[in-house]
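Chemist: Handing you a structure now.
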Amino acid sequence: MKKLLIALALILAPLASEAQVKTPQASPKGYIKQTVGLTDVEVTYSRPGARGRAVFGNLVPFGKLWRTGANENTIINFSDDVIIDGKTLKKGKYAIYTVPRIESWDIIFYLSTDNWGLPENWSDSYVALKTTVKEDALPTPVETFTIGINGLDPNFGYLDIAWENSHVALKFEVPTAKIAVASIDKALAGPTWNDYFAASQYLFQSNGNIETARNYVDKALDMSTDKPYYVTRLKSQIQAKQGDKKGAIETAKASLASAEAANNADYVKLNKDSIAEWSR
């Protein structure tokens, strides 16, 4: 009997160590992703509830720095530079901190995003942008802390923050026209040398039309200024596949010289191996 109990204990011990109790978070995590114009905006945050408590002026003191939510940092990520209050906020990820007041809130975009709550050591050098927005009293209380991206226009949107009876909306402008014009210019200018290289590489690797692949790689080399070693390497492979080993060797030598200048040992070896093979 004793041996049986020991055996059962050995079997059940790993199971017990792997067991995890799952309970709902008091402040569940929320996530939103919204495209504004051509810019992606993502927000990750925790959502505390009022649960009968007086929030602003009590749970969240007026005039004091607040983590803007609960638990880990509330984080916002912009895929492009945006304009806030006439100032540029570079694309990237920021923690959002706020200073709520009765009639206005300070909103701060902070570069360090891995804090639990407020940073242990606040640094003004990490403040990417700070601005002040008007506070609007809500006629109907919001039970759960809520952040949204609303008031959408091709050129701007609003970062909405609402809880209890308070609401603030921060306008941010996005570079839609700049991105759209750049994409139009690029499309109308036609394919780049890199487009021709990618097309040639695909045809070569997929056993497509080898003559078209050769035409594309020649265009890529004609259009590029520095004749990259990986493009000349591809041309040499295409030439060899076409049966032009003499031409392939000459092109491989050019690729080898460029690879040596760039200190790319992989392409140096590839070219040397190919030259040896095609010289037999």
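Counting with mature numbering (1 follows the signal peptide of the UniProt record, and there is no 0), you get residues -19 to -1, 1 to 261 for the letters of the sequence shown.
Built from N, CA and C at the ideal position, the CB exists for glycine as well.
Since this is a predicted model, take the numbers as computed values, not measurements.
DSSP on S8, reduced to helix/strand/coil?
Modeler: The answer is coil: DSSP assigns S8 none of H, G, I, E or B.
Chemist: By alpha-carbon positions, which one of N52, N244, I57 and E258 ends up nearest to G129?
Modeler: If we check each option's Cα against that of G129, I57 comes out closest.
Chemist: Given this structure, state the Cα-to-Cα distance separating D225 from S217, to the nearest angstrom.
Modeler: Cα to Cα, D225 sits roughly 9 Å from S217.
Chemist: In three-state terms, what does DSSP make of residue 263?
Modeler: Because the chain here runs from -19 to 261, residue 263 falls outside it and cannot be looked at.
Chemist: Looking only at its own chain, which residues have a Cβ that is under 7 Å from the Cβ of N161, when we skip the five neighbours before and after it?
Modeler: Here residue 161 is Ala; the residue named in the question, Asn, does not match the sequence. L19.
Chemist: Return yes when the Cβ of I219 is within less than 7 Å of the Cβ of F185, no when it is not.
Modeler: Yes, these two residues count as a Cβ contact at 7 Å.
Chemist: In or out: L251 buried (at least 16 other Cβ within 10 Å) or exposed?
Modeler: Buried.
Chemist: If I follow the unbroken alpha helix (DSSP H) through L237, where does it start and stop?
Modeler: First-last of the alpha helix (DSSP H) with L237: K226 to A242.
Chemist: Could you tell me whether the segment 40 to 60 touches the segment 75 to 90, using the rule of 3 or more Cβ pairs below 8 Å?
Modeler: Verdict: yes, contact present.
Chemist: What is the DSSP secondary structure of N54, reduced to helix, strand or coil?
Modeler: DSSP places N54 in coil when its eight states are reduced to three.
Chemist: Going by CA-CA distance only, name the one from S255, Q223 and P5 that's closest to P236.
Modeler: The displayed chain sequence assigns Ser, not Pro, to residue 236. Comparing Cα positions, the closest option is S255.
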